[in-house]
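Have a look at the structure below, then the notes.
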Amino acid sequence: MLVSAKEMLEKAKAGHYAVGQFNINNLEWTKSILQTAQEMNSPVILGVSEGAGKYMCGFKTVAAMVEAMVESLGITVPVALHLDHGTYEGAYKCIEAGFSSIMFDGSHYPIAENIEKTKELVAVCREKGISLEAEVGAIGGEEDGVIGGGEVADPNECKMIADLGVTMLAAGIGNIHGKYPANWAGLRFDTLAAISEKVGQMPLVLHGGTGIPADQIKKAISLGVSKINVNTECQLAFAAATRQYIEAGKDLEGKGFDPRKLLAPGVEAIKATVKEKMELFGSVGKAE
Ligand code: 13P
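Taking my numbering, the leading residue of the sequence shown gets 67, the next gets one more, and so forth.
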């Protein structure tokens, strides 16, 4: 059964660790992440962007696949199925499809409109027991063809959105999606501390988890971050392992072309990445 992210994130905030959101792209991704979470006895959030949802034949297909997989793999750790950077329309589609958690990203709207739409979704999600993530200050970098400028959130605006009753809040603090440039200045801990002080117990979300150095991850957790999103790092690990397999000519040996063999090194690479992140975030053994 899929669960809302509320309880796992409240526990994470109180216990000073973070739960990983790992984005899924297909069956192999989903299976690797679920199996690793079970092995690590860690709660987990499966993130689905609108583009990935479309790729996987729609949110209904995704929800059906994840629910069936949780059951058939005997997964007992808490699993939330979460819409990542949802539009207003996308949020409603996922609620209907059976997602247990939603992100409505209204960060590109003027703050009044972000508040209005978020408020409406708070009421809908609350009634259905679905967790809701809101965003203030766009995250930089590129995701699904959308390039964000990388804003630093205004702590007062964060407080306004948090007070609407969302479950968790994503705030731009100099983080970006994808690889960080060599001249990246690092996370804005001054802003994070100011936001944390304003929003109190509200779990904060750190997007763009790929490539943030371990010491900055730990500091962010100490300042109230309870959910960390990782996407690109699994993709890079999968691609590198697959490249190695092909370059070694293994697809040309025997039945090496069988997709179950061809994709196996990539699957192991995703598992290793997820395990490493769960260890870094401190969520290992926290499934109870
Ligand atoms: P990365 O791709 O940089 O890990 O970011 C993932 C993310 O924030 C998804 O919302």
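All C-beta atoms, glycine included, are put in the ideal place defined by N, C-alpha and C.
Check: residue i C-beta below 7 Å from any heavy atom of ligand 3
i      : result
Asn297 : Ligand 3 is absent from the structure shown, which contains only ligand 1.
Closest Cα partner of residue i within the set the options
i      : options                           : result
Glu155 : Phe125, Gly277, Glu137 and Ala146 : Phe125
Val340 : Leu75, Thr142 and Met106          : Met106
Tyr158 : Thr308, Gly140 and Leu187         : Leu187
Asp150 : Met226, Lys194, Gly81 and Phe165  : Phe165
Ser173 : Val85, Asp220 and Asp229          : Asp220
Ile127 : Val110, Glu162 and Ser138         : Note on identity: in this sequence residue 127 is Thr, with Ile being the wrong assignment. Ranking the options by Cα distance to Thr127, first place goes to Glu162.
Ala178 : His148, Leu139, Leu230 and Lys284 : Leu230
Ile168 : Glu182, Leu318, Val190 and Ile181 : Val190
Ser70  : Val110, Val265 and Glu345         : Val110
Glu342 : Ile312, Pro331, Thr276 and Leu289 : Thr276
Val145 : Ala118, Thr96 and Glu116          : Thr96
Ile261 : Lys225, Leu100, Gly252 and Lys245 : Lys225
Gly152 : Thr184, Phe347 and Val136         : Thr184
Pro377 : Leu302, Glu345 and Ser349         : As shown, the chain starts at 67 and ends at 354. That puts residue 377 outside it, with no answer to give.
Gly244 : Phe255, Thr298, Ile205 and Leu318 : Thr298
Phe170 : Met234, Lys284, Ile312 and Phe88  : Met234
Ala335 : Gly195, Ala307 and Tyr121         : Ala307
Val232 : Glu193, Leu253, Val218 and Pro247 : Glu193
Val143 : Gly195, Met74, Lys120 and Ala118  : Met74
Val218 : Ala118, Ile181, Ala259 and Pro247 : Ala259
Glu345 : Ile141, Ile294 and Ala130         : Ile294
Status (buried if at least 16 other CB within 10 Å, exposed otherwise) for residue i
i      : result
Ala134 : exposed
Asp281 : exposed
Pro325 : exposed
Asn249 : exposed
Ser288 : exposed
Ala286 : buried
Asn92  : exposed
Thr257 : buried
Ile227 : buried
Asn180 : buried
Gly119 : buried
Ala80  : exposed
Ile312 : exposed
Ala314 : exposed
Ala129 : buried
Ala78  : buried
Beta carbon proximity, residue i to chain B, threshold 8 Å
i      : result
Ala146 : The chain labelled as chain B is not found in the depicted structure, where only one protein chain is given.
Whole-angstrom distance between residue j and residue i, CA atom to CA atom
i      : j      : result
Glu263 : Glu94  : 40 Å
Tyr175 : Val291 : 24 Å
Ala76  : Ala200 : Inspection of the sequence shows that residue 76 is occupied by Glu rather than by Ala. Their Cα atoms are separated by approximately 16 Å.
Ser98  : Val333 : 6 Å
His82  : Asn241 : 20 Å
Gly274 : Glu354 : 27 Å
Leu112 : Met268 : 20 Å
Lys337 : Thr102 : 6 Å
Phe323 : Gln104 : 29 Å
Leu139 : Val85  : 21 Å
Lys321 : Leu328 : 9 Å
Gly351 : His148 : 22 Å
Lys72  : Phe304 : 30 Å
Cys123 : Ser197 : 24 Å
Ser115 : Val271 : 16 Å
Pro279 : Cys160 : 33 Å
Gly238 : Val265 : 15 Å
Ser108 : Leu100 : 10 Å
Val296 : Asn89  : 7 Å
Ala204 : Ala236 : 9 Å
Met67  : Glu137 : 7 Å
Gln310 : Asp317 : 11 Å
Glu319 : Glu223 : 58 Å
Ser349 : Gln87  : 11 Å
Val132 : Tyr121 : 15 Å
Glu182 : Val202 : 13 Å
Gly252 : Gly195 : 36 Å
Cys300 : Phe255 : 26 Å
Tyr246 : Ile283 : 14 Å
Which full runs of the beta strand (DSSP E) of 3+ residues lie inside the region 236 to 271, going along the chain? none
Scan the region 135 to 184 and note each continuous alpha helix (DSSP H) run of 4 residues or more that stays entirely inside, going in chain order. 154 to 163
Alpha helix (DSSP H) runs wholly inside the region 84 to 130, at least 4 long, in chain order: 93 to 106 and 116 to 121
Would you list, in sequence order, the uninterrupted alpha helix (DSSP H) runs of no fewer than 4 residues that lie entirely inside the region 273 to 298? 280 to 288
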